[in-house]
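Asks: This is the structure I have questions about; it appears just below.
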Amino acid sequence: MIPSVDPPRVVVWQLTPPRAPGGSLRPAARDPLELTARERRQVVRALARSRARPPVVLAVGDPAERPDFDAIVEQLVDRGFPTVIAPGASVYLSSRAIRHWADMGVAGVALKLDGATASAHDRFAGAPGTYAATLVLARATVARGMRLTVRSMATRFSAPELPGLSVMVAKLSATTWVVQFPIPRGRLARSLPMGAPRQARVVAWLAACAAQAPFEIMALGAPHLIRLTHPKPDGQTVPAIRDGQGLVYIDHRGQVCPSADLPLSAGSAVQRSALSLYRDAPLFRSLRDPARLGGRCGTCVWHAVCGGSRARAYAATGSAWAEDPHCLAQWPS
């Protein structure tokens, strides 16, 4: 049986070209193929044709880059989508923007925090002052009654910061901590991911943290976390969020992909609803089919609820259905 979460638990819409992890805070170069304002309106209308109303995360480097940003937010909110704004860098924003978003009915804000101290975070962000700015925005978000999500990268350099970050996430009264394990794609990204044994130790630490944390922990790129937070797989276990399972990604060109790290397109969100593609497109259905998985992932008893990182398998082998090379089955739990 093909496990499916219908609708997806989250829709991520990348409005501007993404910035490389650990790269410059300057906006990414504009892409001549990115969606026009009219096409973005069509994406929202297509989403609204479904009865489902999953949260929509708007990923944007600097909201000022998009003259129609407020219009997109208003369209989503008016149609009943819980809307979360994920800015690329806090230095572009002020508490006034947070108040404005709250007045528009935005459900939450997702802020990047990659270090437990100003020196650590600002060094990774590449600009001084971003740590202080992030804390100001985080507190303003909670004060205005919106849900705060903290987004952190788990890299070979930032992993030592995670314990301190967990304390900060609790102090900021965040509801969710998204810890992203980068996929080795491109020259810069290849220097960031940690080795498989170290990732296994970090995931085990996250499981211990999740047992007592006052916030939800989501490990992107490491669905293995579910193996340590649940005693055994059964029909009641909700599958981990991973590429194409519980997650659908719309890139800045309108292509609907399983995630930002798995650049395989199922079609255009302008021509067909991303929710429809998530549910019915062969690409998404096959990614949710445990019978398609190879190697250790294919024989693992957790394949239906974990399934491994399809993006990491694709980066390592060229096949999105191959074994995840960082699978925890290779080490004792």
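By numbering that gives the first Met the number 0, the letter at position 26 of the sequence shown is numbered 25, and the numbering carries on one by one without gaps.
We treat Cβ as the ideally placed atom computed from N, Cα and C, and that holds for glycine.
Everything numeric in this text was worked out from a predicted model, so none of it was measured.
Consult DSSP for P159 and reduce its assignment to one of helix, strand or coil.
Replies: Against the sequence shown, residue 159 aligns to sequence position 160. Three-state DSSP puts P159 in a helix.
Asks: With DSSP as the reference, identify every bridge partner of L219, one or two as the case may be.
Replies: Here residue 219 refers to the residue found at position 220 of the sequence shown. Partner(s): Q179.
Asks: Measuring CA to CA, which of V141, P86 and H120 is closest to A158?
Replies: Here residue 158 is taken as the residue at index 159 of the sequence shown, counted from 1. Checked all of V141, P86 and H120; the closest Cα to A158 is H120.
Asks: Going along the chain, which unbroken runs of the alpha helix (DSSP H) with 4 or more residues stay wholly within the stretch 84 to 132?
Replies: Note on the stretch 84 to 132: whole alpha helix (DSSP H) runs with a minimum of 4 residues are 94 to 103 and 117 to 124, in chain order.
Asks: The alpha helix (DSSP H) that contains W204, what's its start and end?
Replies: Translated into the one-based positions of the sequence shown, residue 204 becomes position 205. Counting along the chain, the alpha helix (DSSP H) containing W204 begins and ends at A195 to A209.
Asks: Using only the alpha-carbon positions, how far apart do P183 and A314 sit?
Replies: Here the question's residue 183 lines up with position 184 in the sequence shown. Here the question's residue 314 lines up with position 315 in the sequence shown. In a straight line, the C-alpha of P183 is about 7 Å away from that of A314.
Asks: Restricting to Cα atoms, I'd like to know which of G234, L282 and V177 is closest to Q254.
Replies: By 1-based counting over the sequence shown, the position of residue 254 is 255. Cα-wise, what sits closest to Q254 is L282.
Asks: Can you check whether the CB of A117 is closer than 8 Å to the CB of Y130?
Replies: The count along the sequence shown starts at 1 and reaches residue 130 at position 131. The count along the sequence shown starts at 1 and reaches residue 117 at position 118. Yes; because the gap between Cβ atoms is below 8 Å, this pair is in contact.
Asks: Per the DSSP calculation, R150 is bridged to which residue(s)?
Replies: For the purposes of this step, residue 150 is taken as residue 151 along the sequence shown, with counting starting at 1. Answer is K111 and V177, bridged to R150.
Asks: When we look at the beta-carbon of D242 and count the other beta-carbons within 10 Å, is it buried (16 or more) or exposed?
Replies: Residue mapping note: residue 242 aligns to position 243 of the sequence shown, counting from 1. Under this definition D242 is a buried residue.
Asks: Exposed or buried, H300, counting other C-beta atoms within 10 Å across all chains shown (16 or more means buried)?
Replies: As a first step, residue 300 must be located in the sequence shown, where it is residue number 301. Rather than His, the amino acid found at residue 300 in this sequence is Val. Burial is judged here by how many other beta carbons sit within 10 angstroms of a residue's own beta carbon; V300 has fewer than 16 and is exposed.
Asks: Cutting at 7 Å between CB atoms, please list the residues of its own chain near R311, excluding the five before and the five after it.
Replies: Counted from its first residue, the sequence shown places residue 311 at position 312. I182, G220, D323, P324 and H325, listed in sequence order.
Asks: Strictly by DSSP, which residues pair up with L261?
Replies: Working through the sequence shown from its first residue, we reach residue 261 at position 262. Per DSSP, S258.
Asks: Spatial neighbours of M145 within its chain, please: C-beta separation below 7 Å, excluding the five flanking residues on both sides.
Replies: As a working mapping, residue 145 is identified with position 146 in the sequence shown. Closer than 7 Å at the Cβ level, and outside the excluded window around M145, lie A101, V105, A106, G107 and V108.
Asks: Using CA coordinates, which residue listed in D233, R65, P86 and V166 is at the minimum distance from A132?
Replies: Taking the sequence shown and counting its residues from 1, the one referred to as residue 132 is at position 133. Measuring from the Cα of A132, the nearest candidate turns out to be P86.
Asks: With DSSP collapsed to three states, give me the class of P7.
Replies: Along the sequence shown, one-based indexing puts residue 7 at 8. Residue state, collapsed to three classes: coil.
Asks: With 16 other CB atoms within 10 Å as the buried threshold, where does S308 fall?
Replies: Residue 308 sits at position 309 when you count from the first residue of the sequence shown. Around the Cβ of S308, a 10 Å sphere holds 16 or more other Cβ atoms; the residue is buried.
Asks: Counting pairs of beta carbons, one from the stretch 197 to 216 and one from the stretch 264 to 279, are three or more of them closer than 8 Å?
Replies: no
Asks: So, using beta-carbon positions, are H302 and E33 closer together than 8 Å?
Replies: Position 303 of the sequence shown, counting from 1, holds the residue named residue 302. Position 34 of the sequence shown, counting from 1, holds the residue named residue 33. No, Cβ-Cβ distance for H302 and E33 is not below 8 Å.
Asks: Look up Q13 in the DSSP assignment and give the residues it is bridged to.
Replies: Numbered from 1 along the sequence shown, position 14 holds the residue referred to as residue 13. Q13 is bridged to A58.
Asks: Can you tell me which of the three DSSP states Q244 falls into?
Replies: As a first step, residue 244 must be located in the sequence shown, where it is residue number 245. Q244: strand per DSSP, three-state reduction.
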